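Chemist: In the numbering used here, the protein residues as written are 62 to 401.
Before anything else, here's the structure in question.
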Ligand code: TXA
Ligand code: MG
């Protein structure tokens with residue numbers, strides 16, 4: 062299959078309507094969102110949804126997020142809209158927030174992976190919104206990477222992973238948030254399942270206490286069923302081994318100088334490139350979690366392009382959006398954290 066690269070040249074209409082046509086006919090199109098690129102299909106067409114799993118190599122038991130463009134579309138997807146969902150939507154939709162609610166019968170089992178809940182998000186990216194509106198259907202869309210790889214934040218990342226496996230990629234440039242949406246379950250007590258573009262602090266301001274699921278910062282013990290199936294899989298992992306080194310820059314430098322061998326590199330913050338005599342890949346500025354979020358996945362992909370075997374990463378802060386950066390880096394490192 063040849064994957065069409067749809068570019069926005071003279072206005073977005075033509076590229077958007079081509080993507081929407083592909084989706085209406087049951088095909089797969091990767092689309093930009095403010096978080097990461099998503100691999101979209103008609104959420105109400107179980108055959109189209111099955112193609113997503115096949116193209117990504119995604120485990121069948123990992124459910125998908127359904128994307129809508131207007132709050133009124135939510136009614137048909139869930140059995141009931143909790144007050145907490147209304148309050149969060151009023152404040153954060155459209156935007157990088159996914160809410161889990163009880164699913165209605167129109168959601169195919171392929172989307173919910175057999176669970177009785179569905180994850181719904183209203184993206185803010187103008188192209189994502191235009192495609193959903195033009196297609197006139199809700200879109201199931203996981204991140205548009207091969208399963209296990211870092212999520213794609215450019216059309217080129219998507220092409221590298223899925224070129225030849227999907228119908229089209231709509232090029233919308235670089236994603237502005239850079240990490241995936243925050244996932245919060247509103248079935249029972251509000252629970253943060255995946256930190257993302259909307260911080261835990263922001264959620265709590267609107268709906269009060271939000272439990273942070275253990276799997277956000279800790280490795281699950283063998284045999285434990287996570288609330289969010291996605292959390293049990295190896296994720297965001299480059300081919301290189303990633304080691305997170307905690308501590309101030311001087312101690313990081315000392316640790317790396319003592320431990321690094323051949324084909325090692327560092328993932329550091331801007332301005333720290335010359336701190337050690339190794340190849341360095343930067344991911345944002347030290348005091349700026351949003352810039353780290355934007356740069357993280359590109360940096361992980363870059364490390365593999367350079368043929369690095371071990372990369373020592375500076376440890377991000379873990380408040381605000383930093384919790385999302387830390388959570389993704391922890392998984393990329395398979396929880397390998399050392400204190401320098
Ligand atoms: O920012 C994002 O959310 C991107 C863009 C494309 O919208 N999408 C994305 O999808 O990150 P994906 O499939 O890569 O991650 C969805 C996560 C998975 O960890 C999955 O297990 C969880 O959401 N999830 C989906 N439905 C769920 C449900 N009903 N209950 C619990 N977790 C659910
Ligand atoms: Mg993903």
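All C-beta atoms in this analysis are idealised placements derived from N, C-alpha and C, irrespective of residue type, glycine included.
Small disclaimer: the values here were computed from a predicted structure and weren't measured.
1. Quick check: what's the CA-CA separation for residue 167 versus residue 105?
2. One question on the structure: do residue 192 and residue 127 come within less than 8 Å of each other, judged by their Cβ atoms?
3. Short of 8 Å in beta carbon distance, which residues of its chain neighbour residue 330, apart from the five on each side in sequence? Order them along the chain.
4. With hydrogens ignored, establish whether the beta-carbon of residue 203 is closer than 7 Å to any heavy atom of the ligand SAM.
5. Bridge partners of residue 320, per DSSP?
6. Please decide whether residue 307 counts as near chain B, where near means a Cβ-Cβ distance under 8 Å.
7. What is the DSSP secondary structure of residue 331, reduced to helix, strand or coil?
8. Whose C-beta lies closer than 7 Å to the C-beta of residue 350 among residues of the same chain, with five residues either side of it excluded?
9. Give a yes or no on contact between the stretch 354–366 and the stretch 295–305, applying the rule of three or more CB pairs nearer than 8 Å.
10. Run through the DSSP bridge pairs and tell me what residue 307 is partnered with.
11. Mind the definition here: the stretch 226–235 touches the stretch 152–168 only if three or more C-beta pairs lie below 8 Å; say whether that holds.
12. DSSP puts residue 342 in a beta bridge; with which residues?
13. If I measure Cβ to Cβ from residue 94 and keep anything under 6 Å in the same chain, skipping five residues before and after, which residues do I get?
14. May I ask whether a heavy atom of the ligand TXA can be found less than 7 Å away from the beta carbon of residue 184?
15. For residue 111, which three-state DSSP category applies?
16. Going by Cα to Cα distance, which pick from 68, 315 and 145 is closest to residue 266?
17. Could you pull out every residue in the same chain whose Cβ sits closer than 8 Å to the Cβ of residue 391, ignoring the five residues on either side in sequence?
18. Using the three-state DSSP reduction, which class does residue 348 fall into: helix, strand or coil?
19. In angstroms, rounded to a whole number, what distance separates the CA positions of residue 396 and residue 258?
20. Residue 359 by DSSP, collapsed to three states: which one?
21. Under DSSP, the alpha helix (DSSP H) around residue 240 begins and ends at which residues?
22. Classify residue 273 as buried or exposed, calling it buried when 16 or more other Cβ atoms lie within 10 Å of its own Cβ.
23. Keeping to the same chain, check which residues put their C-beta closer than 6 Å to that of residue 316; ignore five residues upstream and five downstream.
24. Where residue 147 and residue 162 are concerned, what is the direct C-alpha to C-alpha distance, given to the nearest angstrom?
25. Could you pull the start and end residues of the beta strand (DSSP E) that residue 181 belongs to?
26. Assuming residue 178 and residue 248 make a contact with CB atoms under 8 Å, what is their CB distance in whole Å?
27. Comparing C-alpha positions only, which one of 356, 326 and 355 sits nearest to residue 369?
28. Just to check, is the beta-carbon of residue 212 closer than 7 Å to a non-hydrogen atom of the ligand MG?
29. Classify residue 159 as buried or exposed, calling it buried when 16 or more other Cβ atoms lie within 10 Å of its own Cβ.
30. Which of the three DSSP states is assigned to residue 98 in this structure?
31. Candidates 241, 121, 372 and 196: which alpha carbon is nearest residue 320's?
32. Given that a residue counts as buried once 16 or more other Cβ atoms are within 10 Å of its Cβ, and exposed if not, what is residue 117?
33. Does the Cβ of residue 334 lie closer than 7 Å to at least one heavy atom of the ligand MG?
34. Bridge partners of residue 374, per DSSP?
Modeler: With the given structure in hand:
1. The sequence position of residue 167 within the chain shown is 106, counting from 1. The sequence position of residue 105 within the chain shown is 44, counting from 1. One Cα belongs to residue 167, the other to residue 105, and the distance between them is close to 7 Å.
2. The sequence position of residue 192 within the chain shown is 131, counting from 1. The sequence position of residue 127 within the chain shown is 66, counting from 1. The answer is no: Cβ separation not under 8 Å.
3. Mapped onto the chain shown, residue 330 falls at position 269. The answer, listed in chain order, is 343, 344, 345, 346, 347, 353 and 375.
4. Here the bound small molecules are the ligand TXA and the ligand MG; the ligand SAM is not part of this structure.
5. Within the chain shown, residue 320 is the residue found at index 259, counting from 1. In DSSP, residue 320 forms no bridge with anything.
6. As a matter of chain content, chain B is missing from the structure shown, which is built from one protein chain.
7. As a position in the chain shown, residue 331 is number 270, starting the count at 1. Residue 331 sits in coil when the DSSP states are folded into three classes, being neither helix nor strand.
8. For the purposes of this step, residue 350 is identified with residue 289 of the chain shown, where counting begins at 1. So the list reads 377, 378, 381, 382, 383 and 386, once near-sequence residues are dropped.
9. Two segments are said to touch when three or more pairs of C-beta atoms, one from each, lie closer than 8 Å; by this definition the stretch 354–366 touches the stretch 295–305.
10. Position 246 of the chain shown, counting from 1, holds the residue named residue 307. In the DSSP output, where bridge partners are listed per residue, residue 307 has 400.
11. The stretch 226–235 vs the stretch 152–168: no contact.
12. Here residue 342 refers to the residue found at position 281 when the chain shown is read from its first residue. Answer is 328.
13. Position 33 of the chain shown, counted from the first residue, corresponds to residue 94. Within the same chain, residue 94 has close Cβ partners 184, 186 and 189.
14. Here residue 184 is taken as the residue at index 123 of the chain shown, counted from 1. Indeed, a heavy atom of the ligand TXA lies less than 7 Å from the Cβ.
15. For this step, residue 111 is matched to residue 50 along the chain shown. Of the three classes helix, strand and coil, the one that applies to residue 111 here is helix, per DSSP.
16. Here residue 266 corresponds to residue number 205 of the chain shown, with the count starting at 1. Checked all of 68, 315 and 145; the closest Cα to residue 266 is 145.
17. If you number the chain shown from 1, residue 391 lands on position 330. The beta carbon of residue 391 is closer than 8 Å to those of 278, 305 and 398 in its chain, skipping five residues each way along the sequence.
18. The residue you call residue 348 lines up with position 287 of the chain shown. Looking at residue 348 - three-state DSSP - the assignment turns out to be coil, as it is neither helix nor strand.
19. Mapped onto the chain shown, residue 396 falls at position 335. Mapped onto the chain shown, residue 258 falls at position 197. Cα to Cα, residue 396 sits roughly 22 Å from residue 258.
20. To locate residue 359, count along the chain shown from 1; it is residue 298. DSSP places residue 359 in helix when its eight states are reduced to three.
21. Taking the first residue of the chain shown as position 1, residue 240 is located at position 179. Note, residue 240: premise wrong, no alpha helix (DSSP H); not H, not E.
22. In the chain shown, residue 273 corresponds to position 212, counting from 1. Exposed is the call here.
23. The residue labelled residue 316 in the question sits at position 255 within the chain shown. Cβ within range, chain order: 306 and 401.
24. The residue you call residue 147 lines up with position 86 of the chain shown. The residue you call residue 162 lines up with position 101 of the chain shown. Just so you know, the alpha carbons of residue 147 and residue 162 end up roughly 12 Å apart.
25. Locating residue 181 in the chain shown gives position 120, where the first residue counts as 1. In the DSSP annotation of this structure, the continuous segment of the beta strand (DSSP E) that includes residue 181 starts and ends at 178–182.
26. In the chain shown, counting from the first residue as 1, residue 178 sits at position 117. In the chain shown, counting from the first residue as 1, residue 248 sits at position 187. Contact between residue 178 and residue 248 holds, since their C-beta atoms are separated by about 6 Å, short of 8 Å.
27. Your numbering for residue 369 matches position 308 in the chain shown. With distances taken between Cα atoms, residue 369 lies closest to 326.
28. As a working note, residue 212 is residue 151 in the chain shown. Within the cutoff, so yes.
29. Counting from one through the chain shown, the residue named residue 159 turns up at place 98. Residue 159 should be labelled buried.
30. Taking the first residue of the chain shown as 1, we reach residue 98 at position 37. In the structure shown, residue 98 sits in coil (DSSP, three-state: anything other than H, G, I, E or B).
31. Indexing the chain shown from 1 puts residue 320 at position 259. Residue 372 is the option with its Cα nearest to residue 320.
32. Walking along the chain shown from the start, residue 117 turns up at place 56. The residue is buried, with at least 16 neighbouring Cβ atoms inside 10 Å.
33. Translated into positions along the chain shown, residue 334 becomes position 273. False, no ligand heavy atom lies under 7 Å from that Cβ.
34. The residue labelled residue 374 in the question sits at position 313 within the chain shown. According to DSSP, residue pairing for residue 374 in a beta bridge involves 305 and 328.
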